[in-house]
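J.:
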Amino acid sequence: MLILGIETSTPVCSIALVEDNTVCAQYTLELGIHHSEHLFPMIQRILSDRGVVASDLDGVSVASGPGSFTGLRIGMASAKSLCMSADVPLVGVSTLAGMAFSVGCESLPVCAMLDARRDQVYMGVYEFIHGKFVPSLADCAVGIHAVLDSLPRSVFFVGDGARVHQEQILTHLGNRAYFAGIHLGRPEAGSIALLGGRLIEQGFRVDLETLEPQYLRASQAEQVREARLAKG
């Protein structure tokens, strides 16, 4: 089974090919806000280097968020366009799930945490139960203190949100908190492809018309607009 993974939820864009549950290629570029200019050339390059075309894919797995609003929109639109033209299935995978999965920790729950600024984080907790990788706390956008109050036992943390708030986490959890290395701190397409491949293998599919990014909170512009409306 050959799966293309697309991850555009941060300024670092990555794409990957997974074949038979093994990441066989992954390309990463620091693109800032320029995902739209480089994503398709990256996809064409990774397929060409592997000697395949889009119609050879068994599916595409795209990061569905949370993360950069612009990056997620571009990644989702590109994935839909590719799947529509090549007639291959598409699945969306939580950015946080991909981060947690990349840690490879089966003995503890993993809290994936992205810095959402304004003293908030995007976070989700995932763990292996009877060999299945499942969420134990749904993805959400919350204040850091609410996160810590919801974690009663030992937890493995990963992501830039955990690094930003490491001191608070350690103060609250002490030796019950474990932290992944910096190299595991950012979302990567390889994990998105691996998780998406599992879903596709199980027969899971999404409607190209209805799949949308999971932002978890309104954009800054939307928040300003809502505040103005509330004031009348």
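Just so we're aligned, residue -6 is where the sequence shown starts under the working numbering, counting upward by one.
Think of the CB as a built atom: it goes at the ideal place given N, C-alpha and C, for glycine as much as any other residue.
Every value quoted in this text rests on a predicted model; they were computed, and no experiment measured them.
By alpha-carbon positions, which one of TYR171, ILE36 and ALA90 ends up nearest to CYS6?
T.: Ranking TYR171, ILE36 and ALA90 by Cα distance to CYS6 puts ILE36 first.
J.: Within this structure, are the beta carbons of ALA182 and ILE(-4) separated by less than 8 Å?
T.: For ALA182 and ILE(-4), no; Cβs fall outside 8 Å.
J.: Ignore the nearest five residues each way along the sequence and tell me which others in ALA18's own chain have a CB closer than 7 Å to its CB.
T.: Closer than 7 Å at the Cβ level, and outside the excluded window around ALA18, lie ALA9, LEU10, ILE39, ASP42 and ARG43.
J.: Have a look at GLY60 and MET116 and give me their C-alpha separation to the nearest angstrom.
T.: Taking the straight line joining both Cα atoms gives about 11 Å.
J.: When DSSP labels each residue in this structure, what does PHE126 get in the three-state scheme?
T.: Three-state result, PHE126: strand.
J.: DSSP puts GLN19 in a beta bridge; with which residues?
T.: Looking at the DSSP assignment, GLN19 forms a beta bridge with ALA9.
J.: Could you check if PRO206 is buried or exposed, using at least 16 other CB atoms within 10 Å of its CB as the buried criterion?
T.: With 16 or more Cβ atoms within 10 Å of its Cβ, PRO206 is classed as buried.
J.: Under a three-way DSSP split, which group does ARG110 fall into?
T.: Reduced to three states, the DSSP call for ARG110 is strand.
J.: So who's on the other strand from PHE150, going by DSSP bridges?
T.: CYS104 and PHE172, per the DSSP bridge assignment.
J.: Can you check which of these residues, HIS31, THR15 and GLU12, is closest to THR21 by C-alpha distance?
T.: Checked all of HIS31, THR15 and GLU12; the closest Cα to THR21 is HIS31.
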